[in-house]
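**Q**
Number of protein chains: 2
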Amino acid sequence: MRRSMQRKIILDIINNSNEHLDAYGLYYAAREKLSRISLGTIYRNLKSLVDTGEIDVIYDGTDKLRYDKREDHQHFLCTKCHKIIDIYDLDFKKPTNYKDNKVVSYKIVLEGLCENCQKEE
Amino acid sequence: MRRSMQRKIILDIINNSNEHLDAYGLYYAAREKLSRISLGTIYRNLKSLVDTGEIDVIYDGTDKLRYDKREDHQHFLCTKCHKIIDIYDLDFKKPTNYKDNKVVSYKIVLEGLCENCQKEE
DNA sequence: TCCTAACTAGTAATGATTACTATTTAATTA
DNA sequence: TAATTAAATAGTAATCATTACTAGTTAGGA
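First to last, the sequence lines map onto chains A and B. The numbering used here applies: residue 1 is where the first sequence begins, and numbers increase by one. The numbering used here applies: residue 1001 is where the second sequence begins, and numbers increase by one.
1) Residues in its own chain within less than 7 Å of B/LYS1033 by CB, not counting five upstream and five downstream?
2) Just to make sure I have the definition right: I need the residues of chain B whose C-beta is within less than 8 Å of the C-beta of A/CYS81. Which are they?
3) By a C-beta neighbour count over all protein chains shown, 10 Å radius and 16 as the cutoff for buried, is B/PHE1092 buried or exposed?
4) Determine the chain B residues that contact A/GLY40 at a beta-carbon separation under 8 Å, and present them in chain order.
5) Rounded to the nearest angstrom, how far is the Cβ of A/ASN109 from that of B/LYS1107, given a contact under 8 Å?
6) Answer with yes or no whether the minimum CB distance from A/ASN18 to chain B is below 8 Å.
7) For a minimum of 3 consecutive residues, which ranges assigned as the beta strand (DSSP E) are wholly contained in the stretch 61-98 of chain A?
8) Alpha carbon to alpha carbon, how far is A/ASN101 from A/LYS47?
9) Against chain B, with Cβ distances strictly below 8 Å, would A/LYS107 count as a contact?
10) Which same chain residues end up closer than 8 Å to A/ILE37 when comparing Cβ atoms and leaving out the 5 residues on each side of it in sequence?
11) Residue range of the alpha helix (DSSP H) that A/SER105 falls in?
12) Is the shortest distance between the beta-carbon of A/GLU32 and the beta-carbons of chain B less than 8 Å?
13) At 9 Å on the CB atoms, spell out the chain B contacts of A/ASP100, in chain order.
14) Counting beta carbon pairs with one atom in the stretch 74-82 of chain A and one in the stretch 1062-1081 of chain B, are three or more of them shorter than 8 Å?
15) If you check the beta carbons only, do A/LEU90 and A/GLN74 fall under 8 Å apart?
16) First and last residue of the beta strand (DSSP E) that includes B/ILE1037?
17) Return the chain-ordered list of same chain residues with a C-beta closer than 8 Å to the C-beta of B/LYS1094, the five sequence neighbours on each side being excluded.
18) With burial defined as no fewer than 16 other Cβ atoms inside 10 Å of the residue's Cβ, what is the status of A/ASN16: buried or exposed?
19) Spell out the partners DSSP gives B/VAL1057 in its beta bridges.
20) Looking only at its chain, what residues have a beta carbon closer than 6 Å to the beta carbon of A/LYS69, apart from the 5 residues adjacent to it on each side?
21) At least one CB of chain B closer than 8 Å to the CB of A/ASN46: is that the case?
22) Check whether the Cβ of A/ILE85 lies closer than 8 Å to any Cβ atom in chain B.
23) Can B/ILE1084 and B/ARG1066 be called in contact, C-beta distance under 8 Å?
24) Along chain B, in chain order, which residues have C-beta atoms closer than 7 Å to that of A/GLU54?
25) Assuming the contact rule is C-beta atoms closer than 8 Å, A/LEU11 and A/GLU54 should be a hit. Round their C-beta distance to whole Å, please.
26) Just the C-alpha distance for A/GLY112 and A/TYR24, rounded to the nearest angstrom, thanks.
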């Protein structure tokens, strides 16, 4: 895999943001730095970055996937507005395996209503 | 919400299976019981069943969503073949809230290589 | 039995993602 | 530093999971 300017830009945006952007959000952010970047390039790089484990994907209950830096943290997902909040202080010990299946990583998502959506209820 | 034959069939298939089927899998399974059921009906009911919390959705890393009975359990996901295995003996205590966000439920996915995929490595 | 809002079948449309191809470029080698 | 080339990109077309639409059907109450 070669280090293209485009991949570096995409990875930098993800690593320096905590907005959990989707592909389009990344596309617009990337265009600020490289106006001719194409959407296909965004998707192609996101896929390979996920495959190599350099970034994470989050499913937020809509039809779009969202992307996140690879860092030891978990998420709170608001089931109403789909806001995602980072959680760094959750206590869970990763098992090394489950039965004969090897556990490499894990994801925990707490779901519920965020502060704002509770007020609106 | 009215109890249509179609919704009952879909819910029964999900509750009596541990295959974590996707929409098409459910469509084919449902057609065995009601040959004229339409794919749109499958999707419409899946959406409302998820909204009311009668079933769960799982994102397995492909572009299809998979559906699961609502039951207190977690999942192991093989990142290579996308097999999903149910886990009933994981120890995690749901917090009632995270900061000012109300936690209603949670999902834990252990990711790694299943028994078969380890052999093929 | 009648009524009607909710639901369905069948099909068309949407839109996120992937594929394709001519061109460009990162990185290696002379 | 220039030549080489496989990998990556831009731009566009295609795919396909999901959603929307509409005329007809039906669950459930009066």
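All C-beta atoms in this analysis are idealised placements derived from N, C-alpha and C, irrespective of residue type, glycine included. The model shown is predicted, which means the values in this text are computed figures rather than measured ones.
**A** On the basis of the supplied data:
1) The residue given as residue 1033 of chain B occupies position 33 in the second sequence. Same-chain partners within the cutoff: ILE1009.
2) If you number the first sequence from 1, residue 81 of chain A lands on position 81. Think of a sphere of 8 Å around the beta carbon of A/CYS81: no beta carbon from chain B falls inside it, the nearest being about 11 Å out.
3) The count along the second sequence starts at 1 and reaches residue 1092 of chain B at position 92. B/PHE1092 should be labelled exposed.
4) On the first sequence, position 40 is the one that residue 40 of chain A refers to. Near A/GLY40 there are no residues of chain B at all, since even the closest Cβ is about 16 Å away, more than 8 Å.
5) Here residue 109 of chain A is taken as the residue at index 109 of the first sequence, counted from 1. Here residue 1107 of chain B is taken as the residue at index 107 of the second sequence, counted from 1. The sequence as given places Val at residue 109 of chain A; Asn does not occur at that position. Confirmed, Cβ separation roughly 5 Å.
6) Along the first sequence, read from residue 1 onward, the residue named residue 18 of chain A stands at position 18. Interface criterion not met: the Cβ of A/ASN18 is under 8 Å from no Cβ in chain B.
7) For the stretch 61-98 of chain A, whole beta strand (DSSP E) runs of length 3 or above, ordered along the chain, are 65-69, 74-78 and 84-87.
8) To locate residue 101 of chain A, count along the first sequence from 1; it is residue 101. To locate residue 47 of chain A, count along the first sequence from 1; it is residue 47. Straight-line Cα distance between these residues: approximately 24 Å.
9) To locate residue 107 of chain A, count along the first sequence from 1; it is residue 107. It does: the Cβ of A/LYS107 has a partner Cβ on chain B nearer than 8 Å.
10) Counted from its first residue, the first sequence places residue 37 of chain A at position 37. If we look at A/ILE37 and ignore the five residues flanking it on each side, its Cβ neighbours are GLN6, ILE9, TYR27, ALA30 and ARG31.
11) Taking the first sequence and counting its residues from 1, the one referred to as residue 105 of chain A is at position 105. For A/SER105, no alpha helix (DSSP H) encloses it; the enclosing beta strand (DSSP E) starts and ends at 101-113.
12) What you label residue 32 of chain A is simply residue 32 of the first sequence in a count that begins at 1. Between A/GLU32 and chain B, the shortest Cβ-Cβ separation is not below 8 Å.
13) As a position in the first sequence, residue 100 of chain A is number 100, starting the count at 1. The contacting residues are CYS1114, GLU1115 and GLN1118.
14) Contact fails: fewer than three Cβ-Cβ distances are below 8 Å.
15) As a position in the first sequence, residue 90 of chain A is number 90, starting the count at 1. As a position in the first sequence, residue 74 of chain A is number 74, starting the count at 1. Cβ atoms of A/LEU90 and A/GLN74: closer than 8 Å.
16) As a position in the second sequence, residue 1037 of chain B is number 37, starting the count at 1. Looking at the DSSP string, B/ILE1037 is not in any beta strand (DSSP E), and its letter there is neither H nor E.
17) Within the second sequence, numbered from 1, the residue matching residue 1094 of chain B stands at position 94. Residues of the same chain with a CB within less than 8 Å of the CB of B/LYS1094, apart from the 5 flanking positions on each side, are VAL1103, SER1105 and TYR1106 in chain order.
18) Reading the first sequence from its first residue, position 16 is the one you call residue 16 of chain A. Here A/ASN16 is exposed: its Cβ has fewer than 16 other Cβ atoms, across all protein chains shown, within 10 Å.
19) Residue numbering aside, residue 1057 of chain B sits at position 57 when the second sequence is read from its first letter. DSSP output for B/VAL1057 lists B/TYR1067 as bridge partner(s).
20) Position 69 of the first sequence, counted from the first residue, corresponds to residue 69 of chain A. If we look at A/LYS69 and ignore the five residues flanking it on each side, its Cβ neighbours are ILE14 and ASN15.
21) Residue 46 of chain A sits at position 46 when you count from the first residue of the first sequence. Here residue 46 of chain A is Leu; the residue named in the question, Asn, does not match the sequence. Taking 8 Å as the threshold, the shortest C-beta distance from A/LEU46 to chain B does not fall below it.
22) For this step, residue 85 of chain A is matched to residue 85 along the first sequence. Cβ-Cβ to chain B under 8 Å: yes for A/ILE85.
23) Taking the second sequence and counting its residues from 1, one reaches residue 1084 of chain B at position 84. Taking the second sequence and counting its residues from 1, one reaches residue 1066 of chain B at position 66. When the beta-carbon positions are compared, B/ILE1084 and B/ARG1066 come within less than 8 Å of each other.
24) Translated into the one-based positions of the first sequence, residue 54 of chain A becomes position 54. Simply none; closest approach about 14 Å.
25) Numbered from its first residue, the first sequence carries residue 11 of chain A at position 11. Numbered from its first residue, the first sequence carries residue 54 of chain A at position 54. A/GLU54 and A/LEU11 do touch by the CB rule: their CB atoms are close to 7 Å apart, below 8 Å.
26) Along the first sequence, one-based indexing puts residue 112 of chain A at 112. Along the first sequence, one-based indexing puts residue 24 of chain A at 24. Computed Cα separation, rounded: 26 Å.
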